Amino acid sequence: MSIIQQHTESSLTDAWRTINIDALDPDSSQNFPLSTLHPPQPEFSDQDARNLQSQIRQLLQAGDAEGALRSALENPIYNAPDLAKETHLQTVIEVLQRIKVNEMTPLLQKIYNDDRGSESLDVLMKYLFKGMAATPSGISSQHTGNSPRTPTKLMTPQATGFSQIGGRPGITSGDSTGAAMSVLLSWHEKVVEVAGLGCIGRVMTDFRRV
Amino acid sequence: MSAPEVHHLFHNPIADHSFSADRQTLAIARDTTVELYGRVGNSFKLKDELKGHDKTVTSIDIAPNSGRIVTCSQDRNALVWEPTPQGYKPTLVLLRINRAATFVRWSPNETKFAVGSGDRLIAICYFEEENDWWVSKHLKKPIRSTITTVAWHPNSVLLAAGSTDAHARVLSSFIKGVDARPEPTAWGERLPFNTICGEYLNNSAGWIHSVAFSPSGDALAFASHDSSITVVYPSAPEQPPKAAVTINTQLLPFMSLIWNGEAEIIAAGYDCEAFRFKGGINGWQLSGMVEAKSRPGLGDAREESALNMFKQMDLKGKVKDDTQLKTVHQNTVTMLRPYETSGDAVTKFSSSGVDGRLVIWNV
Numbered sequence: 001m002s003i004i005q006q007h008t009e010s011s012l013t014d015a016w017r018t019i020n021i022d023a024l025d026p027d028s029s030q031n032f033p034l035s036t037l038h039p040p041q042p043e044f045s046d047q048d049a050r051n052l053q054s055q056i057r058q059l060l061q062a063g064d065a066e067g068a069l070r071s072a073l074e075n076p077i078y079n080a081p082d083l084a085k086e087t088h089l090q091t092v093i094e095v096l097q098r099i100k101v102n103e104m105t106p107l108l109q110k111i112y113n114d115d116r117g118s119e120s121l122d123v124l125m126k127y128l129f130k131g132m133a134a135t136p137s138g139i140s141s142q143h144t145g146n147s148p149r150t151p152t153k154l155m156t157p158q159a160t161g162f163s164q165i166g167g168r169p170g171i172t173s174g175d176s177t178g179a180a181m182s183v184l185l186s187w188h189e190k191v192v193e194v195a196g197l198g199c200i201g202r203v204m205t206d207f208r209r210v
Numbered sequence: 001m002s003a004p005e006v007h008h009l010f011h012n013p014i015a016d017h018s019f020s021a022d023r024q025t026l027a028i029a030r031d032t033t034v035e036l037y038g039r040v041g042n043s044f045k046l047k048d049e050l051k052g053h054d055k056t057v058t059s060i061d062i063a064p065n066s067g068r069i070v071t072c073s074q075d076r077n078a079l080v081w082e083p084t085p086q087g088y089k090p091t092l093v094l095l096r097i098n099r100a101a102t103f104v105r106w107s108p109n110e111t112k113f114a115v116g117s118g119d120r121l122i123a124i125c126y127f128e129e130e131n132d133w134w135v136s137k138h139l140k141k142p143i144r145s146t147i148t149t150v151a152w153h154p155n156s157v158l159l160a161a162g163s164t165d166a167h168a169r170v171l172s173s174f175i176k177g178v179d180a181r182p183e184p185t186a187w188g189e190r191l192p193f194n195t196i197c198g199e200y201l202n203n204s205a206g207w208i209h210s211v212a213f214s215p216s217g218d219a220l221a222f223a224s225h226d227s228s229i230t231v232v233y234p235s236a237p238e239q240p241p242k243a244a245v246t247i248n249t250q251l252l253p254f255m256s257l258i259w260n261g262e263a264e265i266i267a268a269g270y271d272c273e274a275f276r277f278k279g280g281i282n283g284w285q286l287s288g289m290v291e292a293k294s295r296p297g298l299g300d301a302r303e304e305s306a307l308n309m310f311k312q313m314d315l316k317g318k319v320k321d322d323t324q325l326k327t328v329h330q331n332t333v334t335m336l337r338p339y340e341t342s343g344d345a346v347t348k349f350s351s352s353g354v355d356g357r358l359v360i361w362n363v
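Sequence order for the protein chains is P and F.
For the first sequence, the UniProt record's numbering assigns the number 210 to the last residue and increments by one with no breaks.
For the second sequence, the UniProt record's numbering assigns the number 363 to the last residue and increments by one with no breaks.
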């Protein structure tokens, strides 16, 4: 037997690397809640999100798309149950789908030049990414259970069961997903044009998740 | 404005650079060694290598008066290199940290230096005569994550630190027997060791990449990973600041910033060039870039022959060779330092980056 083969099972494995030494350190970030690092965000309930949704819908019906977008972006829902966050995402997407392509850039520029405009566009970007990340499976799993591959209506609000967008009856759900995605993509392009790459960076670094 | 002085030293990232007071010696942190370059005419020639660290050297600083060099590294050590007639003699510093040392700076009076580390603390190091040794005291309390950067107040007692927990903090590093009692400032009056004089977080709370006190020490600027710069004006000890101005930019994040007087900040980072910010307590704004965009030479399209054009199309599938950025730096700028000053104003500053270039700019 050659000397080289003196490895034992334990010396060959790298299991020792998986020891989480941070857990042994009382000061480590594992042992204190990271949320204490940030100021608390105002709390929202499902009801608040629905109220906001109906307010914004009223604005939309009155034809005030700009006002609807502004009030949707000025009230981002950070600290709330998932359902409320989901409802607000639907609200934002409803507003976005109501705005025509050639109105996007002027509107974004107008918002960006406001006092806290850069912040509003950061919020918009967060919802765009959330909308893109919300895969059909992710949303449908709440309702249809174990059918992750089923392409369901992406943009249908579950909370109200009523929607003016997306899944109109008679249209196959796959199409509406694609249509919603193309709306998000064209908004994404326009937001980057106005708010720059810094906007994407801010969304990624921000601790406040929508 | 004359053209910047560009030195392409090598094809490795420059972690940090520092000039001696006479600007004849340039110290560069390259991988695990520290390279000393001497100025020969218009260029810099390698004249010495300081080997003492066995992992990446993360930061370097030359004390302007004593000429001592302090370096720190991921091997968890800091070394003080004393200039002697036989060359530089290293002394190990007792840091007592068990994570990488990330950043080191001499205090303005050169009696102390601060080492930031991944161990969620800052080691304030000073020389103990009776033991003939550099020892350290730890600033530990509110820090929750790796320290990425530190900066000294002109009084050599207050220290600003930026961390990956997204906070920029102002702390007291007062050490009895080393420091004289400082004059009271807006940051604080009584300043025992580890007094927290300020803790700041901007809205979206990105990692802090760089902090800097204004020349007077009465304002603090920090750059964070959310592409923003925040300037804080303290009002009085224990009071909320008079103003905290955040400028969100459309650019990529800034890695380093310096003050030019009280009303201008120069910052550079992932956009590979330096930008100017102008303002004051009532507001700040991005006012432009330092680099003139239409510089001759680099990036200039040469007259292409038809043969060359088809050759390029055949070889690369495109006509233009657009592999070069339009900026002088070809990769992220990681460090800015004042190079020449007159009073509080910076007349020249130097920048180094991941592309191995060191550039001296006219402001």
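Think of the CB as a built atom: it goes at the ideal place given N, C-alpha and C, for glycine as much as any other residue.
All figures in this text were calculated on a predicted structure; none of them were measured in a lab.
Give a yes or no on whether 8 Å exceeds the smallest Cβ distance from Ala-166 (chain F) to chain P.
Looking up residue 166 (chain F) in the second sequence gives position 166. Taking Cβ atoms only, chain P reaches closer than 8 Å to Ala-166 (chain F), which makes this a yes.
Could you tell me which chain P residues have their CB closer than 7 Å to the CB of Pro-253 (chain F), listed as they occur along the chain?
Mapped onto the second sequence, residue 253 (chain F) falls at position 253. Neighbours of Pro-253 (chain F) on chain P, chain order: Gly-201.
For Ile-175 (chain F), which option in F:Gln-312, F:Pro-13 and F:Ser-136 has the closest C-alpha, if you only look at C-alpha atoms?
As a first step, residue 175 (chain F) is located in the second sequence; it is residue number 175 there, counting from the start. Closest by alpha carbon: F:Ser-136.
Would you say His-7 (chain F) reaches chain P, if we count a Cβ-Cβ gap shorter than 8 Å as a contact?
Start at 1 with the first residue of the second sequence, and residue 7 (chain F) comes out as number 7. With 8 Å as the cut-off, His-7 (chain F) does not count as an interface residue toward chain P.
Distance cutoff 8 Å, beta carbons only. Does Asp-22 (chain P) sit that close to anything in chain F?
Position 22 of the first sequence, counting from 1, holds the residue named residue 22 (chain P). So no, Asp-22 (chain P) is outside the interface.
Looking at Asn-77 (chain F): is its Cβ nearer than 8 Å to the Cβ of Ala-21 (chain F)?
Position 77 of the second sequence, counted from the first residue, corresponds to residue 77 (chain F). Position 21 of the second sequence, counted from the first residue, corresponds to residue 21 (chain F). For Asn-77 (chain F) and Ala-21 (chain F), no; Cβs fall outside 8 Å.
Within the continuous beta strand (DSSP E) that includes Lys-287 (chain F), where are the two ends?
Counting from 1 along the second sequence, the entry for residue 287 (chain F) is found at position 287. Lys is not the amino acid found at residue 287 (chain F); the sequence shown has Ser there. Where Ser-287 (chain F) is concerned, the enclosing beta strand (DSSP E) stretches over 283-289.
With DSSP run on the structure shown, which of helix, strand or coil describes Ser-54 (chain P)?
Within the first sequence, the letter at position 54 stands for residue 54 (chain P). Here Ser-54 (chain P) sits in helix by DSSP.
Out of P:Ala-195, P:Thr-13, P:Asn-51 and P:Asp-25, which one is the CA nearest neighbour of Leu-124 (chain P)?
Here residue 124 (chain P) refers to the residue found at position 124 of the first sequence. The shortest C-alpha separation from Leu-124 (chain P) is found at P:Ala-195.
Please list, in chain order, the residues of the segment 94-126 of chain P that have any C-beta partner in chain F closer than 8 Å.
Cβ contacts with chain F come from Ser-118, Glu-119 and Asp-122.
Quick one: Cα of Leu-154 (chain P) to Cα of Leu-96 (chain P), how far?
The residue given as residue 154 (chain P) occupies position 154 in the first sequence. The residue given as residue 96 (chain P) occupies position 96 in the first sequence. With a pLDDT of only 46 at Leu-154 (chain P), under 50, the local geometry of the prediction cannot be trusted, and no value is derived from it.
Does DSSP put Arg-149 (chain P) in a helix, a strand or coil?
Along the first sequence, read from residue 1 onward, the residue named residue 149 (chain P) stands at position 149. For Arg-149 (chain P), the predicted model reports a pLDDT of 42, less than 50, meaning its position is unreliable and no value from the coordinates is stated.
Assign Asp-22 (chain P) to one of two classes, buried (16 or more other C-beta atoms within 10 Å of its C-beta) or exposed (fewer than that).
In the first sequence, residue 22 (chain P) corresponds to position 22, counting from 1. Looking at its Cβ environment, which holds fewer than 16 other Cβ atoms inside 10 Å, Asp-22 (chain P) is exposed.
Is the Cβ-Cβ distance between Gly-131 (chain P) and Leu-184 (chain P) less than 8 Å?
Along the first sequence, read from residue 1 onward, the residue named residue 131 (chain P) stands at position 131. Along the first sequence, read from residue 1 onward, the residue named residue 184 (chain P) stands at position 184. Yes, these two residues count as a Cβ contact at 8 Å.
So, does the segment 194-214 of chain F touch the segment 148-155 of chain F, judging by three or more C-beta pairs under 8 Å?
In short, these stretches touch, since the Cβ pair count reaches three.
Taking only beta-carbon positions, decide if His-153 (chain F) is within less than 8 Å of chain P.
Sequence index remark: in the second sequence, residue 153 (chain F) carries index 153 (1-based). So, not an interface residue.
Against chain P, which members of the segment 205-230 of chain F pass a CB distance test of less than 8 Å?
So the close ones are Ala-205, Gly-206, Trp-207, Ser-224, His-225, Asp-226, Ser-227 and Ser-228.
Counting only beta-carbon separations shorter than 8 Å, does Arg-120 (chain F) have a partner in chain P?
In the second sequence, the residue the question calls residue 120 (chain F) occupies position 120. It does; some Cβ of chain P falls within 8 Å.
From F:Ser-18, F:Ala-160, F:Phe-127 and F:Ala-243, pick the residue whose C-alpha is nearest to that of Thr-195 (chain F); which is it?
By one-based count along the second sequence, residue 195 (chain F) stands at place 195. That would be F:Ala-160, whose Cα lies nearest to the Cα of Thr-195 (chain F).
Got a sec: is the Cβ-Cβ distance from His-38 (chain P) to anything in chain F below 8 Å?
Here residue 38 (chain P) is taken as the residue at index 38 of the first sequence, counted from 1. Yes, contact with chain F.
Let me know the secondary structure DSSP gives Ala-15 (chain F) once reduced to three states.
What you label residue 15 (chain F) is simply residue 15 of the second sequence in a count that begins at 1. Looking at Ala-15 (chain F) - three-state DSSP - the assignment turns out to be coil, as it is neither helix nor strand.
Identify the residues that DSSP records as bridge partners of Pro-83 (chain F): which are they?
As a first step, residue 83 (chain F) is located in the second sequence; it is residue number 83 there, counting from the start. Answer is F:Tyr-88.
Return the chain-ordered ranges of every beta strand (DSSP E) run that is complete within the segment 136-176 of chain F and spans a minimum of 3 residues.
Runs found: 147-152, 158-163 and 168-172.
Got a sec: is the Cβ-Cβ distance from Arg-144 (chain F) to anything in chain P below 8 Å?
Residue numbering aside, residue 144 (chain F) sits at position 144 when the second sequence is read from its first letter. True, the Cβ-Cβ gap to chain P drops below 8 Å.
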